[in-house]
Amino acid sequence: MLIVGNWKMNGSIAMASDFLGWFTGHWHGSRGVDIGLCPPLVYISQFEQTLRGSTIKVGGQNIATELEGPFTGEVSSRMLKDLGCQMVLIGHSERRVNFRENNDIVAEKYRRAYAADLTPILCVGETSDHRNAGSTLDVISEQIYAVKNLVGEHALCAGVIAYEPVWAIGSGVAASPKQAQEVHLSIRDLLGPRGKHTQIIYGGSLNRDNAKALFTEQDIDGGLVGGASLHAEHFLEIIRQAEFA
Ligand code: PEP
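If you're matching positions, the sequence shown starts at 32 in our numbering and goes up one per residue.
Structure (structure tokens):
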């Protein structure tokens, strides 16, 4: 199981310090659960320094398609690696929608992350319009194939896939365990034979109340947690649910 927190553009130095203080004081290791935290870029060093020596991995929320040069405001895969990051979110729906990242851009970012030895967490998911139109799997297969065609099955299956229905993100309404399991199983089929052991995690209004039922499903290998990861106690409770799944 894998539980990753995505702080998005939230927090402050003081809040990160409170979170890390509480979390490191109460978390005494987790059996069978890997943990990652993706704070805003400016707090990555604070997280990395506090968590250094523990098994908790620190990650970024985005990278540039380029490695260096005249790209003001951008940060490259190598720079995240240099900061001590071990993972990075790729193609989060907020980036696809607000920053117009299409499948080609997302695939290129995946390639950069993989080449820099960062575990890419590829976010895929449908909007409510797609779901209502019955095109959920078409959309997700386009998202997955764009990456597979560029980097190949081996590199795709070495990463993590986060199924995040866009309608569930930040809405307070998570996919039902049955809805999520159905899509996770289809994603596993899309990955190909090597995808048997690829971690496919669920994200979208995941919280301490609904985590257990979701994690019990066969093809749900953990969660990508947005809002609930801002509260150390809630985040830890979600990790505990994963331990018992
Ligand atoms: C996310 O943005 O990755 C996410 C899962 O958000 P939330 O848990 O707040 O819905």
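Note that beta-carbon positions come from the ideal geometry of N, C-alpha and C, so glycine has one too. Bear in mind the structure is a predicted one, so any value in this text is a computation, not a measurement.
Between residue i and the ligand PEP, is the CB less than 6 Å from at least one heavy atom?
i: GLY258; result: yes
i: GLY235; result: yes
i: ILE200; result: yes
i: ASN41; result: no
i: ASN37; result: yes
i: LEU222; result: no
i: LEU153; result: no
i: LEU255; result: yes
Please go through the same chain and pick out, in chain order, the residues whose beta-carbon is closer than 6 Å to the beta-carbon of residue i, but skip the five residues on each side of it.
i: LYS277; result: A question about residue 277 goes unanswered here, because the residues of the chain that appear run from 32 up to 276.
i: TYR307; result: In this structure the chain extends from 32 to 276, so residue 307 is not present and cannot be described.
i: GLU248; result: PRO208 and GLN212
i: SER20; result: As displayed, the chain neither begins before 32 nor continues past 276, which places residue 20 out of reach and without an answer.
Note down the Cα distance separating residue i from residue j, rounded to an integer number of angstroms.
i: HIS123; j: GLY254; result: 14 Å
i: TYR74; j: SER260; result: 15 Å
i: HIS228; j: HIS161; result: 28 Å
i: MET118; j: LEU72; result: 13 Å
i: ALA199; j: LEU237; result: 9 Å
i: VAL64; j: THR86; result: 10 Å
i: LEU168; j: TYR141; result: 21 Å
i: LEU111; j: LEU68; result: 13 Å
i: GLY190; j: ALA45; result: 32 Å
i: LEU82; j: GLY165; result: 43 Å
i: ASN241; j: ALA205; result: 8 Å
i: ASP148; j: ASP113; result: 11 Å
i: GLY203; j: GLU105; result: 31 Å
i: ILE66; j: MET32; result: 9 Å
i: LEU51; j: GLY84; result: 14 Å
i: GLY201; j: PRO101; result: 34 Å
i: ARG131; j: ILE94; result: 14 Å
i: ALA177; j: GLN80; result: 35 Å
So, is the C-beta of residue i closer than 7 Å to a C-beta in chain C?
i: GLU184; result: Absent from the structure is chain C; it holds one protein chain and no more.
Spatial neighbours of residue i within its chain, please: CB distance less than 8 Å, with the 5 preceding and 5 following residues excluded, ordered by chain position.
i: LEU98; result: SER107, SER108, ARG109 and ARG143
i: ARG239; result: ALA259, HIS265, GLU268, ILE269 and GLN272
i: VAL128; result: VAL197
i: LYS243; result: GLN272, PHE275 and ALA276
i: VAL182; result: ALA138, TYR141, ARG142 and TYR145
i: LEU216; result: GLN249 and ASP250
Give me, in chain order, the residues of the same chain whose beta-carbon lies closer than 7 Å to that of residue i; leave out the 5 immediate sequence neighbours on both sides.
i: ILE192; result: LEU153, VAL155, ILE218, THR229 and ILE231
i: GLY60; result: none
i: PRO70; result: TRP38, GLY42, ALA47 and PHE78
i: ALA186; result: TYR145
i: GLY226; result: CYS188 and ARG219
i: LYS179; result: LEU187
i: GLY235; result: GLU195, PRO196, ALA199, ILE200, ALA205 and ALA206
i: ARG126; result: ASN93 and GLU132
Quick test of your reading: residue i and residue j, contact by CB under 8 Å. State the CB separation rounded to the nearest angstrom.
i: ALA47; j: GLN92; result: Rounded, the Cβ-Cβ distance is 14 Å, inconsistent with contact.
i: ILE136; j: THR96; result: 6 Å
i: ALA263; j: TRP53; result: 4 Å
i: CYS188; j: LEU222; result: 5 Å
i: GLY115; j: VAL89; result: 6 Å
i: VAL35; j: VAL214; result: About 18 Å separates the two Cβ atoms, so there is no contact after all.
i: ILE171; j: GLU157; result: 6 Å
i: ASN134; j: GLU173; result: 6 Å
i: ILE121; j: PRO151; result: 5 Å
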